[in-house]
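Heads up: the structure comes next, in C-alpha cells.
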Amino acid sequence: MRGLENVFRSWLLATGIYYGTALGFPHRGLVFGIHRGINYGVKDLMRTIEAHDANKAQCVSLAYNGLAFVSFGVASEPELARKGSYGAGMQYTPSDVKSIVEFWDGARGHTGSWAEAYPEIVTCANMFWMPPGSSWADRLAAEPGTGQLNPLSPKTYQVVQNVIRDLVSLFPDTFYHAGHDEIVPGCWKADPTVQDFLSKGGTLSQLLEIFVNATNPIITSLNRTSVYWEDVLLDATIKVDPTSLPKASTILQTWNNGPNNTKLIVAAGYRTIVSSSDFYYLDCGHGDFVGNDSRYDRQIGDEPGQPFNYQGGSGGSWCGPYKTWQRVYDYDITYGLSEKEAELVVGGEVALWSEQADPAVMDGRDLAEGVGDGGDDVVGGTGMRVGRRGMRRRRIG
Numbered sequence: 001m002r003g004l005e006n007v008f009r010s011w012l013l014a015t016g017i018y019y020g021t022a023l024g025f026p027h028r029g030l031v032f033g034i035h036r037g038i039n040y041g042v043k044d045l046m047r048t049i050e051a052h053d054a055n056k057a058q059c060v061s062l063a064y065n066g067l068a069f070v071s072f073g074v075a076s077e078p079e080l081a082r083k084g085s086y087g088a089g090m091q092y093t094p095s096d097v098k099s100i101v102e103f104w105d106g107a108r109g110h111t112g113s114w115a116e117a118y119p120e121i122v123t124c125a126n127m128f129w130m131p132p133g134s135s136w137a138d139r140l141a142a143e144p145g146t147g148q149l150n151p152l153s154p155k156t157y158q159v160v161q162n163v164i165r166d167l168v169s170l171f172p173d174t175f176y177h178a179g180h181d182e183i184v185p186g187c188w189k190a191d192p193t194v195q196d197f198l199s200k201g202g203t204l205s206q207l208l209e210i211f212v213n214a215t216n217p218i219i220t221s222l223n224r225t226s227v228y229w230e231d232v233l234l235d236a237t238i239k240v241d242p243t244s245l246p247k248a249s250t251i252l253q254t255w256n257n258g259p260n261n262t263k264l265i266v267a268a269g270y271r272t273i274v275s276s277s278d279f280y281y282l283d284c285g286h287g288d289f290v291g292n293d294s295r296y297d298r299q300i301g302d303e304p305g306q307p308f309n310y311q312g313g314s315g316g317s318w319c320g321p322y323k324t325w326q327r328v329y330d331y332d333i334t335y336g337l338s339e340k341e342a343e344l345v346v347g348g349e350v351a352l353w354s355e356q357a358d359p360a361v362m363d364g365r366d367l368a369e370g371v372g373d374g375g376d377d378v379v380g381g382t383g384m385r386v387g388r389r390g391m392r393r394r395r396i397g
C-alpha cells in the first residue's frame, strides 16, 4: 500500500521537483485515550488507520488503563471488562482487536475500574478524587476516577501477568506500553497496607520499584521492549532507580516540559518517544470538564492578575492553548540535542485524551510528515507548506 501511496503522491508533481521518501524517524504515531471516554467505534479506528497510513504514519495506539472503565475484554480476566466497563456495548472484544490489527498489519497508576472485579488489588478505589477542603497535593487522582494497583498485594501480579500476556497475544508489536504516569501519593497513602509499609521506613518510590521489578520481567520474557511514561524516571516524588530500567529493553515516553525532558531522558542514555503536551496533545484548549468553575461566568474581564478567559488565560485547559496544525507540524523533537543524543529519539506520537472527544474530533493532524522528514529546519516552513497541505487534503478526501 505504501509503495502505491508513493506513486499517488508523485503523480501530480511538476517536472524538476525532487520527491524523497526517506523518513527521519521510525516511530510516527497517534495515541487515543480510550480509557477516559466513550469508545471509538472499530470503523472509526479503521478509517483513522487508513488516513494515517496514507500519510506514512507508522503507529496508532489505544491507551488503555482502566481509569474510569475497562474497555478491553481479555480472555484470562473477563471480569475486568464485565464489571468495569460502562456496558457490554462499550468495550472492545478480542475479535474487535484482531480485526483492527489485521486491518493494519498500557497497567499504570490509573486503574480504578479494576476494583470492580478485584477490590483487593486496588487502593483508594471509588473515592472522591479531590476530598473537600483539600489542596492539589492531597488529591487522590489527577481527575475523577480514583484507583491505583497495590504493589503489596500478591494478587496484583497474578492479574497483571494475565492481562499482559493476553494483550501481547493480541498485538504483534515489539513494544509493550506499561504506563506509570501520574502516580498519585495520596491514593497509595490511603491504603492500610501501604500505611504500614511506610511506617516501617518504606518509601513510595520503593513501592513503585517493587511493582516495576516484578512486572518488567514479565514483559521482557515475552520478547517485548517496555515503554514507560517519563514519570517513572523523572517524577519529583515517586520514581525508580535507573537500575530498575535496563536501557537495552526500555523506552521512555515524554509528555511534560517540552524539549527539556527529552534532553533529560536521552542524556541518561534511554531511547525516547516524544509526546510533549506543549506540542502534541490534541485535547488541549477545550476547557475543563471537572466540577463547576465560577471563573467561566465572568462577563467582562478576568480577576486582576489572574488571566483565565481573556488574553493570557488558559480557559481552564491545563495544557492550553489549543495546538494548531502549525504547532504540531513545526515541533523539532530533537531540539537542543547533540547528534549522538538525537539518535536515541525513536520518533513521536500525538495524543488525543478522550474526556471530551468522540469520533467526530478524532482525526489526527500533521504529525506523520513532521516526524517523517526529521523536523522542520526551514524558517517559515509552515507557510510554505500551506498550499501543499490543502492539495493533499483534496487528493485523499
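Just so you know, we're using the UniProt record's numbering here: the sequence shown kicks off at 1 and counts up by one.
By construction, the Cβ of each residue, glycine as well, lies at the ideal position given by its N, Cα and C atoms.
If the five residues before and after GLY258 are omitted, its C-beta is found closer than 6 Å to the C-beta atoms of SER276, ASP278, all from its own chain and listed in chain order. Close CB contacts of TYR157 within its chain, under the 6 Å cut and outside five residues either way in sequence, are with ALA214 (chain order). Excluding sequence positions up to five before and after TYR118, its CB lies within less than 7 Å of the CB of LYS155, VAL159, all in the same chain and listed in chain order.
A distance below 8 Å between beta-carbons, with the five flanking residues on each side excluded, links VAL101 to the following residues of its chain, in chain order: LEU170, PHE171, PRO172. Across the structure, TRP114 and ASN150 are spaced so that their CA atoms are roughly 11 Å apart. LEU264 is not a Cβ neighbour of ILE238, given a cutoff of 8 Å. For ILE273, the uninterrupted beta strand (DSSP E) run begins and ends at 271 to 274, by DSSP. Scanning ALA342, GLN311, GLY186 for the CA closest to the CA of SER135 turns up GLY186.
Exposed is the label assigned to ILE300, since fewer than 16 other Cβ atoms lie within 10 Å of its Cβ. Scanning its chain for C-beta atoms nearer than 6 Å, with the 5 sequence neighbours on each side dropped, one finds no residue around PRO304. Buried is the label assigned to ASP283, since at least 16 other Cβ atoms lie within 10 Å of its Cβ. Per DSSP, ILE265 is not a residue of any beta strand (DSSP E); the alpha helix (DSSP H) it occupies stretches across 258 to 267. According to the DSSP assignment, ILE210 belongs to the alpha helix (DSSP H) that extends over 204 to 221. Here TRP325 carries a helix assignment [DSSP, helix/strand/coil].
If the five residues before and after ARG327 are omitted, its C-beta is found closer than 7 Å to the C-beta atoms of PHE279, all from its own chain and listed in chain order. For the pair of segments examined, the stretch 283 to 296 was found to touch the stretch 315 to 325: the number of CB pairs separated by less than 8 Å reaches three.
Sorting ALA75, GLU341, ARG82 by C-alpha distance to the C-alpha of PRO94 places ALA75 at the top. Beta-carbon to beta-carbon, GLY347 and PHE25 are separated by about 4 Å, close enough to satisfy the 8 Å threshold.
Taking all protein chains shown into account, TYR228 has 16 or more neighbouring C-beta atoms within 10 Å of its C-beta and is therefore buried. Around the beta carbon of SER199, fewer than 16 other beta carbons lie within 10 angstroms, which makes this residue exposed. Along the length of the stretch 150 to 205, whole alpha helix (DSSP H) runs at least 4 residues long occupy 154 to 170, 185 to 189, 192 to 199, reported in chain order.
8 Å or more divides the Cβ of VAL240 from the Cβ of LEU234. Contact annotation: SER221 and TYR176 have beta-carbon atoms that are not nearer than 8 Å. Secondary structure note for GLU339: its alpha helix (DSSP H) is the uninterrupted segment 339 to 342. Straight-line measurement puts the Cα of GLN91 at about 7 Å from the Cα of ALA81. The shortest CA-to-CA distance from GLN356 to any of TYR281, PRO242, TYR335, ILE333 is the one to TYR281.
Here the C-alpha atom of LEU167 lies approximately 15 Å from the C-alpha atom of GLU79.
Under the DSSP assignment, LEU30 falls in the beta strand (DSSP E) whose first and last residues are 27 to 33.
Beta bridge pairing from DSSP links CYS284 with no other residue. The beta-carbon separation of GLU116 and LYS83, rounded to 4 Å, stays under the 8 Å limit for a contact.
Within the model, the alpha-carbon separation for SER354 versus GLY133 is close to 28 Å.
Residue range 231 to 234 is occupied by the alpha helix (DSSP H) that includes VAL232. A Cβ-Cβ separation of about 6 Å places THR272 in contact with VAL345 under the 8 Å criterion. Distances from the CA of GLY291 to each of GLY89, GLY41, GLU143, GLY29 were compared; the closest alpha carbon is that of GLU143.
Following the DSSP letters along the chain, one finds GLN306 in no beta strand (DSSP E), marked with neither H nor E. By the Cβ neighbour-count rule, GLN195 is exposed, with fewer than 16 other Cβ atoms within 10 Å of its own.
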